[in-house]
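In the working numbering, the protein residues as written are 10 to 260. Yeah, the Cβ is synthetic: ideal placement off N, Cα and C, and Gly gets one too. Because the structure is a prediction, the values reported are computed rather than measured. A quick write-up on the structure given underneath.
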Amino acid sequence: QFRGAGVRVPFYRRLLAERRIRPGRVRDIEAFQATVPIISKRDVFAAQPLASLLAGRAVADVVTMISSSGLTASSFSLGMIDRAGTHAMVESVDRYLDALFQTTDKQTFVINTCAMGVSIPTSLPTMNLSVRSDKALALLHALRPYYQQFVVTSDVYFLKKLIEDGRKAGMQWSRWPVQFVMGGEWFPESYRQYLAGLLEVNLDRPRPRTHVLGSMGAAELGFNLCFESQETVRLRRLAASDERVRQAARD
Numbered sequence: 010q011f012r013g014a015g016v017r018v019p020f021y022r023r024l025l026a027e028r029r030i031r032p033g034r035v036r037d038i039e040a041f042q043a044t045v046p047i048i049s050k051r052d053v054f055a056a057q058p059l060a061s062l063l064a065g066r067a068v069a070d071v072v073t074m075i076s077s078s079g080l081t082a083s084s085f086s087l088g089m090i091d092r093a094g095t096h097a098m099v100e101s102v103d104r105y106l107d108a109l110f111q112t113t114d115k116q117t118f119v120i121n122t123c124a125m126g127v128s129i130p131t132s133l134p135t136m137n138l139s140v141r142s143d144k145a146l147a148l149l150h151a152l153r154p155y156y157q158q159f160v161v162t163s164d165v166y167f168l169k170k171l172i173e174d175g176r177k178a179g180m181q182w183s184r185w186p187v188q189f190v191m192g193g194e195w196f197p198e199s200y201r202q203y204l205a206g207l208l209e210v211n212l213d214r215p216r217p218r219t220h221v222l223g224s225m226g227a228a229e230l231g232f233n234l235c236f237e238s239q240e241t242v243r244l245r246r247l248a249a250s251d252e253r254v255r256q257a258a259r260d
């Protein structure tokens, strides 16, 4: 990837040339760490024409753009993805959802409440609502007769409002076939436990009926780069409750 970018991406090729770095001579991780400069979002997205950030300046090939959650115009990053990359993202997310929630066997609807226009790359039926808990709850009620389960995607801390608003509206979440995936921020295990209490679900059971999982990505690299599974959640919960496990992980 580094060598390819050094040859095909105009901005990076120029950066390396200015510092007299030849990509072909960087042959191992030690040389990479010692030679290749660290750059920031400000060096890239705020200071360069978009075409110079793409291999072959192929702006016309971009079909999907993903923006990060930067606080200012100079601190955000932008993922620019071609048709093949977009298709790969959809396939990846579909596999993830199927592995966790058996979406191939259960008719599933995705309700996306992520902010900032973030959409979920999936072939499953989806509605993008942004941060509107009222609309999300209304949609759940309207679609419940027609789907076997729902997957709600959300920013980490908006999910708390959504679940709390559902409780205030009289929803007994334990009776609803809803799974939750949240992203965008790190969260402590105590936060997940708080949500589990509102949902009336025991996450320590081998197969809980409801999952509350985290997913992380990076705008410039792709939507869903790493995610939790039922097994990793159990490990986190065990570590949170047992000092010996935390110590073993540190060692």
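- Shortest Cα-Cα distance from residue 178 to any of 239, 144, 245, 91 involves 144.
- A direct Cα-to-Cα measurement between residue 246 and residue 213 gives close to 8 Å.
- Residue burial annotation: residue 220 is buried, with at least 16 other C-beta atoms found within 10 angstroms of its C-beta.
- The way I'd put it, the stretch 66-77 doesn't touch the stretch 29-43; fewer than three beta-carbon pairs between them come closer than 8 Å.
- DSSP places residue 95 inside the alpha helix (DSSP H), whose first and last residues are 92-110.
- Residue pairing for residue 71: DSSP places it in a beta bridge opposite 91.
- In the structure shown, residue 175 falls within a helical segment according to DSSP collapsed to helix, strand and coil.
- In the structure shown, residue 188 adopts extended strand secondary structure according to DSSP, grouped into three states.
- Taking the Cα of residue 58 as reference, the smallest distance to any Cα among 30, 32, 33, 18 is reached at 18.
- Take residue 158, set aside five residues on each side of it, and the residues of its chain with a beta-carbon closer than 6 Å to its own are 115, 117, 186, in chain order.
- Of all C-beta pairs linking the stretch 160-171 to the stretch 136-143, three or more are shorter than 8 Å, placing the two stretches in contact.
- The DSSP-derived three-state label of residue 138 is coil.
- Where residue 120 is concerned, the enclosing beta strand (DSSP E) starts and stops at 117-121.
- Residues 98, 99, 102, 232 of the same chain have their beta carbon placed closer than 6 Å to that of residue 130, with the five preceding and five following residues left out of the count.
- At least 8 Å separates the beta-carbon of residue 76 from that of residue 122.
- Between the alpha carbons of residue 15 and residue 22 lies a gap of roughly 5 Å.
- Residue burial is scored here from C-beta neighbours: residue 90 has at least 16 other C-beta atoms within 10 angstroms and is therefore classed as buried.
- Ranked by Cα distance from residue 156, the options 137, 112, 174 are led by 112.
- The three-state secondary structure of residue 159, taken from DSSP, is strand.
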